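Step one of this worksheet: look at the structure below.
Numbering (the working numbering), first residue to last: 0 to 163.
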């Protein structure tokens, strides 16, 4: 089922979510140090009364003993649904800033309220140091002068290959 756009909530020239998404879920099924097959699934659920479609996300690594990634813009993708219940793929444009430790994801066809979208980041491999990695995620509504909405932290735990 394809998502359809909805009219944005505008106030004083800026676009807002009426009921913003308030959390992000992060899942990875490959969590050992250096794993070259790792994928990080960031899922965001939009309320049906969001008041604006989702135009994009900013995902920034805020903590961790090593840099996660680096990520590749060309390997970034998105789909409707969650990792174990994938829906249709949706177009995505990504821009990676290794220096800032962030990935900016734009949906050329904004995600409609009432939808769950998952963005998949593929690092070239998991970090080389075990530990907890935190990512700050911010959502942007579709419309002029979008007012960003922080979704909080998403946590990724990377483990050593061998347990002692």
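We put the beta carbon where it would ideally sit given N, CA and C, even for glycine. Treat the numbers as computed from the prediction; the structure is a model and nothing was measured.
Using DSSP's beta-bridge definition, name the partner residues of residue 74. Residue 74 is not bridged to any residue.
Reduced DSSP secondary structure (H/G/I, E/B, other) of residue 4:
Confidence at residue 4 is low in this model, with a pLDDT of 46, below 50, so its placement is unreliable and the value that follows should be read with caution. Residue 4: coil per DSSP, three-state reduction.
Margin query: Considering just the uninterrupted stretch of the beta strand (DSSP E) at residue 130, what are its terminal residues?
Written below: First-last of the beta strand (DSSP E) with residue 130: 130 to 140.
What residue from 137, 13, 74 and 123 has the CA that sits closest to residue 20's CA?
Minimum Cα distance to residue 20 is reached at 137.
- Determine the burial state of residue 50: buried for a count of at least 16 other Cβ atoms within 10 Å of its Cβ, exposed for fewer. Label assigned to residue 50: buried.
Along the chain, where does the beta strand (DSSP E) containing residue 45 start, and where does it finish? For residue 45, no beta strand (DSSP E) run applies, since DSSP gives it neither H nor E.
Requested in this report: May I ask you to report which of helix, strand or coil DSSP gives residue 30?
Outcome: Assignment of residue 30 by DSSP, reduced to helix, strand and coil, places it in the coil class.
*Per DSSP, residue 55 forms a beta bridge with which residues?*
Its beta-bridge partners are 105 and 139.
Item to check | Proximity test, residue 54 beta-carbon vs the ligand FMN heavy atom, cut-off 7 Å | outcome: Among the ligands in the structure shown, none appear at all, so the ligand FMN cannot be discussed.
(message) Taking only three categories from DSSP, how would you classify residue 92?
(response) Here residue 92 sits in strand by DSSP.
_What does the Cβ neighbour count give for residue 3, buried or exposed, with the cut at 16 atoms within 10 Å?_
For residue 3, the predicted model reports a pLDDT of 46, less than 50, meaning its position is unreliable and no value from the coordinates is stated.
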